[in-house]
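Peer 1: Quick one: the structure is below, questions incoming.
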Amino acid sequence: MASRHSRTSDEGTRSRLLHAAGEVFADHGFRAATVQMICQRAKANVAAVNYYFRDKETLYHEALQYGKHPEIYNLEHFKTAVRHQPRQALELFVQDFIRRLLTQGSRPQWYTRLVAREMAEPTAGLQVFITTCVLPRMEAVAAIVRGIASPAKLDEALVQRAVNSIIGQCLFYHRYRNIVLKMMKHAEFGNSDIESITESIVQFSLGGIHAIVSAGSTTAAPGGPKLKSQAPGRVSARSLKTGDRNRKLDQTT
7 MASRHSRTSD
17 EGTRSRLLHA
27 AGEVFADHGF
37 RAATVQMICQ
47 RAKANVAAVN
57 YYFRDKETLY
67 HEALQYGKHP
77 EIYNLEHFKT
87 AVRHQPRQAL
97 ELFVQDFIRR
107 LLTQGSRPQW
117 YTRLVAREMA
127 EPTAGLQVFI
137 TTCVLPRMEA
147 VAAIVRGIAS
157 PAKLDEALVQ
167 RAVNSIIGQC
177 LFYHRYRNIV
187 LKMMKHAEFG
197 NSDIESITES
207 IVQFSLGGIH
217 AIVSAGSTTA
227 APGGPKLKSQ
237 APGRVSARSL
247 KTGDRNRKLD
257 QTT
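Right, here's the structure in full:
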């Protein structure tokens, strides 16, 4: 039986390799990084990568997935909110996601750079990242959107667009953080900033979802063309496009 000391030593070596790999991959990319570079930075034997991770590719995938735990959508109180209080669930999700994006938290500095490099120079690891880190988050937001829209049943295309909008609003502050901070005349994002950003995104998203639902049962002005009828409570992307055309016609007549 392995001693506690040996288990601790194994965990320490594995952790050093993972962090060293994250830094090397972030600096050089998957293709240019070598096992020798990683082990040298981790102060570990070259054979250690094979022992702990099998090969460089598996180690890279592990590094890409470093930020997936713990996520709020895995917590029971969040799942309960999605089922019974979707608006509260939206607020919980946005605040958690914004905080992760805008504050360092427990994630290492190399993680954001690594993900950005993978987006710019995609590898086979992109699908792993999507499956383990992106899709669970998007599925959680999709459940929230459906809950807010209930009892109306939105087409899945509309649900997906709403999800993209919500997550896109969050990512804006990450992508343009330096510009936003300059405009705010802040050095960093504080708790009050995160709260106000959260409130803004939640209010805008709620308004958008309710507008989508309303568009499904709205007709044009008297005498104008009507929206194509939908099944009760169901909204389609086509009806929204028709509604847009109707509004343009109203504005020009």
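Here the sequence shown stands for residues 7 to 259, numbered as in my numbering. Don't be surprised by glycine CBs; every beta carbon is placed ideally from N, CA and C. In this text, all values refer to a predicted model and were calculated from it rather than measured experimentally.
Tell me the DSSP secondary structure of K159 in three-state form.
Peer 2: As a first step, residue 159 must be located in the sequence shown, where it is residue number 153. The answer is strand: DSSP assigns K159 an E or B state.
Peer 1: For I185, count the other beta carbons within 10 Å of its own beta carbon; 16 or more makes it buried, fewer makes it exposed. Which is it?
Peer 2: Position 179 of the sequence shown, counting from 1, holds the residue named residue 185. I185 is exposed by the Cβ-count criterion.
Peer 1: Excluding the 5 residues preceding and the 5 following A48 in the sequence, name in chain order all residues of the same chain whose CB lies nearer than 6 Å to its CB.
Peer 2: Counted from its first residue, the sequence shown places residue 48 at position 42. For A48, where only same-chain residues beyond five positions count, the Cβ hits under 6 Å are R22, L23 and A26.
Peer 1: Report the residue from W116, L96 and T129 whose alpha carbon sits nearest the alpha carbon of S171.
Peer 2: On the sequence shown, position 165 is the one that residue 171 refers to. Among W116, L96 and T129, the Cα nearest to that of S171 belongs to L96.
Peer 1: Could you tell me if L120 is buried or exposed, where buried requires 16 or more neighbouring beta carbons within 10 angstroms of its beta carbon?
Peer 2: As a working mapping, residue 120 is identified with position 114 in the sequence shown. With 16 or more other Cβ atoms within 10 Å, it is buried.
Peer 1: Taking the alpha-carbon positions, what's the K159 to R152 distance?
Peer 2: Here residue 159 refers to the residue found at position 153 when the sequence shown is read from its first residue. Here residue 152 refers to the residue found at position 146 when the sequence shown is read from its first residue. Looking at the two C-alpha atoms, the distance is approximately 7 Å.
Peer 1: For R123 and A32, which I take to be in contact (beta-carbon distance under 8 Å), what is that distance rounded to the nearest angstrom?
Peer 2: By one-based count along the sequence shown, residue 123 stands at place 117. By one-based count along the sequence shown, residue 32 stands at place 26. That pair is a contact at about 6 Å.
Peer 1: Classify P128: buried if its beta carbon has 16 or more other beta carbons within 10 angstroms, exposed otherwise.
Peer 2: Within the sequence shown, residue 128 is the residue found at index 122, counting from 1. So P128 ends up on the exposed side.
Peer 1: Whether or not the stretch 90 to 109 and the stretch 194 to 206 are in contact is what I'm after, with contact meaning three or more pairs of Cβ atoms, one per stretch, closer than 8 Å; do they touch?
Peer 2: Taking 8 Å as the limit for Cβ pairs, the verdict is that the stretch 90 to 109 does touch the stretch 194 to 206.
Peer 1: In terms of residues, what are the limits of the alpha helix (DSSP H) holding V52?
Peer 2: Taking the sequence shown and counting its residues from 1, one reaches residue 52 at position 46. First-last for V52: undefined, no H or E at that position.
Peer 1: Let me know the secondary structure DSSP gives P238 once reduced to three states.
Peer 2: Against the sequence shown, residue 238 aligns to sequence position 232. The predicted position of P238 is uncertain, since its pLDDT is 40 and thus under 50; no value can be drawn from it.
Peer 1: Give me the Cβ distance between F99 and A149, rounded to the nearest whole Å; I'm assuming they're in contact under 8 Å.
Peer 2: Taking the first residue of the sequence shown as 1, we reach residue 99 at position 93. Taking the first residue of the sequence shown as 1, we reach residue 149 at position 143. Wrong, their Cβ atoms sit about 10 Å apart, outside the cutoff.
Peer 1: Select from R20, G28, R37 and L70 the residue whose C-alpha is nearest the C-alpha of N51.
Peer 2: For the purposes of this step, residue 51 is identified with residue 45 of the sequence shown, where counting begins at 1. Ranking the options by Cα distance to N51, first place goes to R20.
Peer 1: Is it buried or exposed, Y182, if we count other Cβ atoms within 10 angstroms and call 16 or more buried?
Peer 2: As a working mapping, residue 182 is identified with position 176 in the sequence shown. By the 10 Å Cβ count, Y182 comes out exposed.
Peer 1: Of the residues Q209, S211, T64 and G174, which one's Cα is nearest the Cα of G131?
Peer 2: One-based indexing of the sequence shown puts residue 131 at position 125. G131 has its Cα closest to that of T64, out of Q209, S211, T64 and G174.
Peer 1: Which term fits S156, buried or exposed, when burial requires 16 or more other beta carbons within 10 angstroms of its beta carbon?
Peer 2: Residue numbering aside, residue 156 sits at position 150 when the sequence shown is read from its first letter. Its Cβ having fewer than 16 others within 10 Å, S156 is exposed.
Peer 1: What do you get for S211, buried or exposed, if any count of 16 or more other CB atoms within 10 angstroms of its CB means buried?
Peer 2: Taking the first residue of the sequence shown as 1, we reach residue 211 at position 205. Label assigned to S211: buried.
Peer 1: Any idea if E29 is buried or exposed, counting beta-carbon neighbours within 10 angstroms, 16 or more meaning buried?
Peer 2: Here residue 29 is taken as the residue at index 23 of the sequence shown, counted from 1. Result: buried.
Peer 1: Just list the alpha helix (DSSP H) runs in the stretch 116 to 188, keeping only unbroken ones of 4 residues or longer that don't cross its boundaries, in chain order.
Peer 2: DSSP runs (the alpha helix (DSSP H)) wholly in the stretch 116 to 188: 131 to 135, 141 to 155 and 162 to 181.
Peer 1: Return the chain-ordered list of same chain residues with a C-beta closer than 6 Å to the C-beta of G213, the five sequence neighbours on each side being excluded.
Peer 2: Counting from one through the sequence shown, the residue named residue 213 turns up at place 207. None.
Peer 1: Quick check on E194: does DSSP put it in helix, strand or coil?
Peer 2: Reading the sequence shown from its first residue, position 188 is the one you call residue 194. E194: coil per DSSP, three-state reduction.
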